[in-house]
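Positions 4 to 261 (this note's numbering) are the ones given, in order, by the sequence shown. C-beta atoms are modelled at their ideal positions from N, C-alpha and C, and glycine is treated no differently. Keep in mind it's a predicted model, so treat the numbers as computed, not measured.
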Amino acid sequence: MLEILKNIVLEAGELFKEGYYNNKKIEFKGAKDLVTNYDVAVENLLIEKLTQSFEGFDVIAEESKNNYETFYNSIIIDPIDGTTNFVNKVPHCAISVGIYKNKKPYLAVVYNPILDELYSAQVDKGAYCNGKRIKVSQEEDLQLSLIATGFPYTSVENKEDLDFVLKALEKILPKCQDIRRLGSASLDICMVAKGVFDAYYEINTNPWDVAAGIIILKEAGGCILNSLGEEYNMFEDKCIVATNGKIDSLLYKELKDI
4 MLEILKNIVL EAGELFKEGY YNNKKIEFKG AKDLVTNYDV AVENLLIEKL TQSFEGFDVI
64 AEESKNNYET FYNSIIIDPI DGTTNFVNKV PHCAISVGIY KNKKPYLAVV YNPILDELYS
124 AQVDKGAYCN GKRIKVSQEE DLQLSLIATG FPYTSVENKE DLDFVLKALE KILPKCQDIR
184 RLGSASLDIC MVAKGVFDAY YEINTNPWDV AAGIIILKEA GGCILNSLGE EYNMFEDKCI
244 VATNGKIDSL LYKELKDI
């Protein structure tokens, strides 16, 4: 079934690339939250193909089907994670599909068609990038750790969220090697899985942003927590902390009191 999922995502990737290099119709869902006609087109293609291949699975998708109450046997889709990058031709954007069976991780694919990087995982069978097994880093020192983060769209109108971003940077930046903000949660988590980043944190992500990355990171030996150091719930928790499993306690110590 993983090969079927990969092939469908690769097919959608051709449409993704078409949109990346061509003119797009752009609308705003919020002050900073963009959506293009290609977000909708890629999502529609994925829903059509995936529901044909995965019978009995419901869909939770960013642009059309986002009722969390249907979560059980679910295909969770972000057609273009990193739409702002996609619009501005920054090549850090991806298709993200996580499949959950009986509310538990099952299959995942995150595909960046522009850089031709396909991350995949099946539960208990490891995580891969372009067919090569990937593992998290072994870094145990927060001061030597390269960390990724993201800025929530809500920081425009929500001062509490803006304060979190600024306070987290103020606390963590002096205590780590550096912080990167690239603009695609699914790829950031996959880069933790690949050992490029040692950790990633962000607030106000949606399930479609992280559903696939969670599966891939866990299969690569990583750890997903909330800011209190508890098991992360993608439908309920405000903050996600994804790490190599070595620096998680050090990182959420900095985040828990913000």
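How many Å lie between residue i and residue j at the Cα?
i: GLY232; j: GLU163; result: 21 Å
i: VAL45; j: GLU51; result: 10 Å
i: TYR255; j: ASP42; result: 33 Å
i: LYS27; j: CYS132; result: 29 Å
i: ASN207; j: LEU165; result: 11 Å
i: VAL112; j: GLU143; result: 28 Å
i: THR86; j: VAL126; result: 28 Å
i: ASP191; j: LEU185; result: 8 Å
i: PHE57; j: ILE63; result: 14 Å
i: LEU8; j: LEU53; result: 7 Å
i: LYS178; j: LYS170; result: 13 Å
i: GLY16; j: ASP84; result: 12 Å
i: ILE218; j: GLU30; result: 31 Å
i: GLY134; j: GLU6; result: 11 Å
i: LYS68; j: CYS242; result: 23 Å
i: VAL199; j: THR73; result: 34 Å
i: GLU234; j: TYR24; result: 40 Å
i: LEU49; j: GLY129; result: 24 Å
i: VAL38; j: GLU65; result: 10 Å
i: ASP181; j: LYS106; result: 35 Å
i: ASN91; j: PHE19; result: 14 Å
i: ASP119; j: GLU160; result: 36 Å
i: PRO108; j: ALA124; result: 10 Å
If you measure between the beta carbons of residue i and residue j, is that distance less than 9 Å?
i: ASP201; j: SER148; result: yes
i: GLY22; j: ASN40; result: yes
i: ILE137; j: ALA223; result: yes
i: PRO210; j: PHE167; result: no
i: PHE60; j: ILE102; result: yes
i: ILE250; j: TYR204; result: no
i: GLY153; j: VAL195; result: no
i: ASN115; j: HIS95; result: yes
i: LEU228; j: ILE175; result: no
i: ILE11; j: ALA215; result: no
i: ASP81; j: ASP260; result: no
i: LEU220; j: ALA188; result: no
i: ASN76; j: LYS32; result: no
i: LEU172; j: LEU13; result: no
i: VAL156; j: ASP240; result: The question names Val, yet the displayed sequence has Tyr at residue 156. The answer is no: Cβ separation not under 9 Å.
i: ASN236; j: GLN141; result: no
i: MET4; j: LEU145; result: no
In terms of DSSP beta bridges, what is residue i paired with?
i: ILE243; result: GLU205
i: ASP212; result: Answer by DSSP bridge pairing: none, since ASP212 is not bridged.
i: ILE227; result: ALA245
i: ILE250; result: Bridge partners of ILE250: none, in fact.
i: ILE78; result: VAL62 and ILE102
i: ARG183; result: ALA151
i: ASP260; result: None, per the DSSP bridge assignment.
i: ASP84; result: ALA97
i: GLU234; result: LEU228
For the ligand MN, I want to know if residue i counts as a neighbour, meaning its beta carbon is within less than 8 Å of at least one of the ligand's heavy atoms.
i: PHE19; result: Absent from the structure shown: the ligand MN. Ligands present: none.
Worksheet entry | beta strand (DSSP E) runs contained entirely in the region 18-74, provided each spans 3 or more residues | Counting whole runs of 3 or more residues, the region 18-74 contains the beta strand (DSSP E) stretches 29-31, 37-39 and 61-64.
Worksheet entry | Whole runs of the beta strand (DSSP E) within the region 98-177, excluding any shorter than 3 residues | DSSP runs (the beta strand (DSSP E)) wholly in the region 98-177: 107-115, 120-125, 130-132 and 149-152.
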